[in-house]
Amino acid sequence: MRAIFIRMILSLFGCAWSGAQYDGGGSGETSMGITTESGAVMPTTSTNVADGDEIPSSGSGSADETTMDGTESGEGGESSSTGEGTSGTTEQMSACGDGVVEGNETCDDMNDVPDDGCKACARDSVVFITSERYRGDLNGLAGADQRCRMLAAIAGLQRFETFRAWLSTAETAAADRLLNSKGRYVLINGLVVAEDWDGLVSGILLHPIDVDELSQTQDYRAWTGTLYNGQPAFGTEFCDSWTTFSADFMSGTGLSSVVDETWSFFSNVGCAQDLHLYCIEQ
Numbered sequence: 005m006r007a008i009f010i011r012m013i014l015s016l017f018g019c020a021w022s023g024a025q026y027d028g029g030g031s032g033e034t035s036m037g038i039t040t041e042s043g044a045v046m047p048t049t050s051t052n053v054a055d056g057d058e059i060p061s062s063g064s065g066s067a068d069e070t071t072m073d074g075t076e077s078g079e080g081g082e083s084s085s086t087g088e089g090t091s092g093t094t095e096q097m098s099a100c101g102d103g104v105v106e107g108n109e110t111c112d113d114m115n116d117v118p119d120d121g122c123k124a125c126a127r128d129s130v131v132f133i134t135s136e137r138y139r140g141d142l143n144g145l146a147g148a149d150q151r152c153r154m155l156a157a158i159a160g161l162q163r164f165e166t167f168r169a170w171l172s173t174a175e176t177a178a179a180d181r182l183l184n185s186k187g188r189y190v191l192i193n194g195l196v197v198a199e200d201w202d203g204l205v206s207g208i209l210l211h212p213i214d215v216d217e218l219s220q221t222q223d224y225r226a227w228t229g230t231l232y233n234g235q236p237a238f239g240t241e242f243c244d245s246w247t248t249f250s251a252d253f254m255s256g257t258g259l260s261s262v263v264d265e266t267w268s269f270f271s272n273v274g275c276a277q278d279l280h281l282y283c284i285e286q
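Here's what the structure looks like:
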């Protein structure tokens, strides 16, 4: 009776649909046909969406579909016409020598000439020994760094705000708080101290760090508390983390006139002495 009633409704509206057959078993599927002008019946199948089943495509059954925003998704929906690959957007990698400073680069002059201030896409780092001398009460590592920056600023050095002291405490190694640069370490006058960080901490320098921020030679000791490899020196008290000038405390010092490992650590002396600092651009 249900099928007869629907046929009557369709005939009243002059619909071209014919041959409808219904599954009386409640499966939710309806089989219909569309009558063409030649009288042929083209079968179609619809599925009850309320049951949560998918509605099959009327095409060839390909998994390629076009979404509402105009993008085309392939099999599994992994690709689209937006230009993104199956793994998402491609991260652009920095390339040394392309003339663009990016990533960890500090310069990029598109050549392999090291003497122009840019080597392996890392600029030269200026190194100097301070013209001033200080006792061991430096107000900690931060106070020592500030003294380097003040002298660099007075001398008119570029990027003076980046300078830090070659100094360690029991908790903090100089190697961990300084930039381990691929570029050269040079004096104010341009003489090369080391070709890169590895050369600086190798135990053998190319030139002593004996020139101050005013390009004057200083042949004296410097506070370091640090071995040549940038690690805290053994048996030193670091002037109580560089906060005291008491003679009861000792700290490591280096010799500014040498190129062997004693440039960084030669011996411990009392914190009441007035000594230089080594300062390095970051």
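In short: position in the sequence shown from 1, add 4, done, that's the working numbering. All C-beta atoms, glycine included, are put in the ideal place defined by N, C-alpha and C. Computed from a predicted structure; not experimentally measured.
Residue burial classification, Ile213 (beta-carbon count within 10 angstroms, cutoff 16):
Looking at its Cβ environment, which holds 16 or more other Cβ atoms inside 10 Å, Ile213 is buried.
As assigned by DSSP and simplified to three states, the class of Ala169
Strand, per DSSP.
Check Ser129 in the structure and name its three-state DSSP category.
Strand at Ser129.
Nearest-angstrom Cβ-Cβ length linking Ala178 and Thr230, presumed shorter than 8 Å:
With 8 Å as the limit, Ala178 and Thr230 qualify as a contact, their Cβ atoms being about 5 Å apart.
What is the DSSP secondary structure of Pro236, counted as helix, strand or coil?
DSSP places Pro236 in strand when its eight states are reduced to three.
Would you say Ala148 and Leu183 are within 8 Å of each other, going by their C-beta atoms?
For Ala148 and Leu183, no; Cβs fall outside 8 Å.
Which partner residues of His280 appear in the DSSP bridge assignment?
In the DSSP secondary-structure assignment, His280 is bridged to Ala226.
Could you spell out the range, first to last residue, of the alpha helix (DSSP H) harbouring Met154?
DSSP places Met154 in the uninterrupted alpha helix (DSSP H) bounded by Gly144 to Ile158.
Hey, how far is the Cα of Phe167 from the Cα of Glu136?
So the two alpha carbons sit approximately 15 Å from each other.
What would DSSP say about Cys122, mapped onto helix, strand or coil?
Three-state result, Cys122: strand.
Terminal residues of the beta strand (DSSP E) in which Ala198 lies
Under the DSSP assignment, Ala198 falls in the beta strand (DSSP E) whose first and last residues are Val196 to Ala198.
In the stretch 175-211, which residue ranges form an unbroken beta strand (DSSP E) of at least 3 residues, counting only runs that do not cross its ends?
Whole beta strand (DSSP E) segments, 3+ residues: 196-198.
For Ser245, the first and last residue of its enclosing alpha helix (DSSP H):
The continuous alpha helix (DSSP H) containing Ser245 extends over residues Phe242 to Trp246.
Whole-angstrom distance between Gly239 and Tyr282, CA atom to CA atom
Distance from the CA atom of Tyr282 to the CA atom of Gly239, rounded to whole angstroms, is 21 Å.
Considering only the alpha carbon of each residue, which of Asp112, Asp128 and Cys111 lies closest to Asp119?
If you compare the alpha carbons of Asp112, Asp128 and Cys111 with that of Asp119, the shortest gap goes to Asp128.
Which class does Thr266 belong to by DSSP, given the choice of helix, strand or coil?
Of the three classes helix, strand and coil, the one that applies to Thr266 here is helix, per DSSP.
Please report the distance separating the alpha-carbon of Glu241 from that of Met114.
Whole-angstrom Cα-Cα distance: 47 Å.
Relative to the alpha-carbon of Lys186, which residue among Cys125, Gly274, Thr248 and Thr257 has its alpha-carbon at the smallest distance?
Among Cys125, Gly274, Thr248 and Thr257, the Cα nearest to that of Lys186 belongs to Cys125.
For Ser261, which option in Ser206, Val215, Trp201 and Asn193 has the closest C-alpha, if you only look at C-alpha atoms?
Considering only alpha carbons, the answer is Val215.
Spell out the partners DSSP gives Leu259 in its beta bridges.
Under DSSP, Leu259 takes part in a beta bridge, and its partners are Arg225.
Alpha carbon to alpha carbon, how far is Tyr138 from Ser245?
The alpha-carbon atoms of Tyr138 and Ser245 are separated by roughly 14 Å.
Top-ranked residue by Cα proximity to Glu175, from Leu279, Gly234, Arg225 and Asp112:
Taking the Cα of Glu175 as reference, the smallest distance to any Cα among Leu279, Gly234, Arg225 and Asp112 is reached at Gly234.
The ligand FAD and Glu175: does the residue's C-beta get closer than 7 Å to at least one heavy atom of that ligand?
Ligands displayed in this structure: none; no statement on the ligand FAD is therefore possible.
Please report the straight-line C-alpha distance between Leu204 and Glu165, rounded to a whole angstrom.
Across the structure, Leu204 and Glu165 are spaced so that their CA atoms are roughly 22 Å apart.
Using C-beta distances below 7 Å, list every residue in its chain close to Gly144, excluding the 5 sequence neighbours before and after it, in chain order.
Taken in chain order, the residues that qualify are Ser245, Trp246 and Thr247.
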